[in-house]
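What follows is a short report on a single structure.
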């Protein structure tokens, strides 16, 4: 491939690199988390469905085993001070790069909650003692024990204390218990974890991995995703410029690793549909979403207030919203198209419903609102 990127090529490359193309899917949840550098996980079910969209043949139980038994990846606060799944070997460099900025960016909220630095540091000691003795603990249990020691935990205080402890490398999420996530000491969950210092080289290495996972992309995209300054992200991109090409695209100048530059001609162009959950990386990792949704429907993806809605994408374009409705006896996927869908897409949507059904290990009905088509597995 030479010259500029077309919109179709831009989408195809991003699908391929994010493991959303059919031939890029994998049978390993750990591979997805590692290859994507970090997977947005502020909603635990959404994070699991994001992995399901990028894998084939795995179940929710397989994912649980990878996180809780193999511990190949960790659920904790990382980029932008937000919950992510992070490969175990990547956690130390990511906390080194992103934790301090996330903490300093929360100072005003700490003050509003009466959580001075002294109180937060004191809370770390108590959290370490409590979890060493009684962990794993769900949030309510940890809050009760901290409150009994005089640590302020009312309202949002407990959230910010556990987030602070995670960003400081003290705790992470442990096993689920009756549907609730627990907290554990990171040193016990990952005995080989060792904190490390940040460096420009660490950031440039991360920028290279970012392009491998999300390219074509810009330094502004990288800044948006990581939450670090434009100055530092531009410097990181400059440091790896020799490994990159910089084609023009429908979203402006972007960077792409040279090893990826010939990829568009090799990627299969067969139609692909994916059910992407709320806050999926494909929907939020870029500064602009113009490449993947028509302006007339942009609010259906990002209505404002930080909300990113679940979307059906076809060949990289958002064409509908969807939701998973689960009751005790029945469950369904309801698709709400932005406009009438071509009937040729039905087999693709049915196939994706089947994949989600396999992942969740329960029967699912597909309901498409505009045509009332139903298919059950």
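In our numbering, the protein residues as written are 189 to 565.
Virtual Cβ for every residue (Gly too), placed ideally from N, Cα, C.
As the structure is a computational prediction, the values presented were derived from the model and not from experiment.
Nearest CA to the CA of residue 297: which residue from 244, 270, 344 and 313? It is 344 whose Cα lies nearest to the Cα of residue 297.
In angstroms with no decimal places, state the Cα-to-Cα distance between residue 485 and residue 526. Their Cα atoms are separated by approximately 7 angstroms.
Through-space distance from residue 365 to residue 536, alpha-carbon basis: Counting only the Cα atoms, residue 365 lies some 35 angstroms from residue 536.
Strand pairing of residue 522, partner residues [DSSP]: DSSP lists 511 and 555 as partners of residue 522.
Classify residue 321: buried if its beta carbon has 16 or more other beta carbons within 10 angstroms, exposed otherwise. Exposed: under 16 other Cβ atoms inside 10 Å.
Between the C-alpha atoms of residue 395 and residue 407, what's the straight-line distance to the nearest angstrom? About 9 angstroms.
Only counting the same chain, and skipping five residues up and downstream in sequence, which positions put a Cβ closer than 7 angstroms to that of residue 550? Result list for residue 550: 519, in chain order.
Completely contained alpha helix (DSSP H) runs for the region 286-340, where each covers 4 or more residues: Listed in chain order, the alpha helix (DSSP H) runs fully inside the region 286-340 are 295-300, 305-322 and 327-336, counting runs of at least 4 residues.
For residue 292 and residue 305, the rounded distance between their alpha carbons: So the two alpha carbons sit approximately 11 angstroms from each other.
Count the other CB atoms, across all protein chains shown, that sit within 10 Å of the CB of residue 453; report buried if there are 16 or more and exposed otherwise. With a pLDDT of only 48 at residue 453, under 50, the local geometry of the prediction cannot be trusted, and the value read off the model is given with reservation. Classification for residue 453: exposed.
Just curious, the alpha helix (DSSP H) that residue 251 is in, first and last residue? Taken as a continuous stretch (DSSP letters only), the alpha helix (DSSP H) holding residue 251 covers 248-256.
Kindly give me the distance between the Cβ atoms of residue 271 and residue 230, rounded to whole angstroms, as I take these residues to be in contact under 8 angstroms. Right, their Cβ atoms sit about 5 angstroms apart.
Simplified DSSP state of residue 398, which is helix, strand or coil: The answer is helix: DSSP assigns residue 398 an H, G or I state.
Beta bridge counterpart(s) of residue 346 as assigned by DSSP: Residue pairing by DSSP places residue 346 in no beta bridge whatsoever.
Using 7 angstroms as the threshold, is the C-beta distance between residue 334 and residue 373 below it? Between residue 334 and residue 373, the C-beta spacing is not below 7 angstroms.
Tell me whether residue 278 is buried or exposed, calling it buried when 16 or more other Cβ atoms sit within 10 Å of its Cβ. Answer is buried; the Cβ neighbour count reaches 16.
Which one of 210, 402, 416 and 311 has the shortest CA to CA distance from residue 222? The closest CA to that of residue 222, considering only 210, 402, 416 and 311, is found on 402.
Spatial neighbours of residue 248 within its chain, please: C-beta separation below 7 angstroms, excluding the five flanking residues on both sides. Cβ neighbours of residue 248 beyond the five flanking positions: 236, 547, 548 and 549.
Tell me which residues share the same chain as residue 357 and place their Cβ nearer than 7 angstroms to its Cβ, disregarding the 5 neighbours each side in the sequence. For residue 357, where only same-chain residues beyond five positions count, the Cβ hits under 7 angstroms are 283, 374 and 383.
Any alpha helix (DSSP H) of 4 or more consecutive residues that is wholly inside the region 409-497: Scanning the region 409-497 for uninterrupted alpha helix (DSSP H) segments of 4 residues or longer gives 418-427, 451-454, 469-472 and 486-489, listed from N- to C-terminal end.
Roughly how many angstroms lie between the CA atoms of residue 455 and residue 204, to the nearest whole one? Confidence is the limiting factor: at residue 455 the pLDDT is only 49, short of 50, which leaves the residue's position unreliable and the question unanswerable from this model.
Answer with buried or exposed for residue 218, where buried requires no fewer than 16 other C-beta atoms within 10 angstroms of its C-beta. By the neighbour-count criterion, in which a residue is buried when 16 or more other Cβ atoms sit within 10 angstroms of its Cβ, residue 218 is buried.
What are the boundary residues of the alpha helix (DSSP H) that includes residue 539? Here the alpha helix (DSSP H) through residue 539 covers 534-548.
Spatial neighbours of residue 378 within its chain, please: CB distance less than 8 angstroms, with the 5 preceding and 5 following residues excluded, ordered by chain position. Counting only Cβ-Cβ distances below 8 angstroms, and skipping sequence neighbours, we find 259, 262, 276, 279 and 360.
Taking only three categories from DSSP, how would you classify residue 194? In this structure, residue 194 counts as coil in the three-state DSSP scheme.
Tell me the DSSP bridge mates of residue 499? Bridge partners of residue 499: 464 and 509.
Short of 6 angstroms in beta carbon distance, which residues of its chain neighbour residue 315, apart from the five on each side in sequence? Order them along the chain. The residues are 353.
From 477, 228 and 462, pick the residue whose C-alpha is nearest to that of residue 273; which is it? Considering only alpha carbons, the answer is 228.
Stretch-stretch touch, CB-based, cutoff 8 angstroms, three pairs: the region 238-252 with the region 191-203: Contact fails between the region 238-252 and the region 191-203, because fewer than three Cβ pairs, one in each stretch, are under 8 angstroms apart.
Alpha-carbon spacing of residue 381 relative to residue 281, whole angstroms: Per the coordinates, the alpha-carbon of residue 381 lies some 11 angstroms from the alpha-carbon of residue 281.
Rounded straight-line distance, which links the Cα of residue 553 to that of residue 543: In this structure, the alpha-carbon of residue 543 lies about 12 angstroms from that of residue 553.
So which of 539, 392, 413 and 242 has the shortest CA-CA distance to residue 430? Closest option to residue 430, judged by alpha-carbon separation, among 539, 392, 413 and 242: 392.
Alpha-carbon spacing of residue 545 relative to residue 463, whole angstroms: Cα to Cα, the separation comes out at about 12 angstroms.
Proximity winner among 480, 371 and 443, relative to residue 566 (alpha-carbon distances): Residue 566 is absent from the structure shown; the chain starts at 189 and stops at 565.
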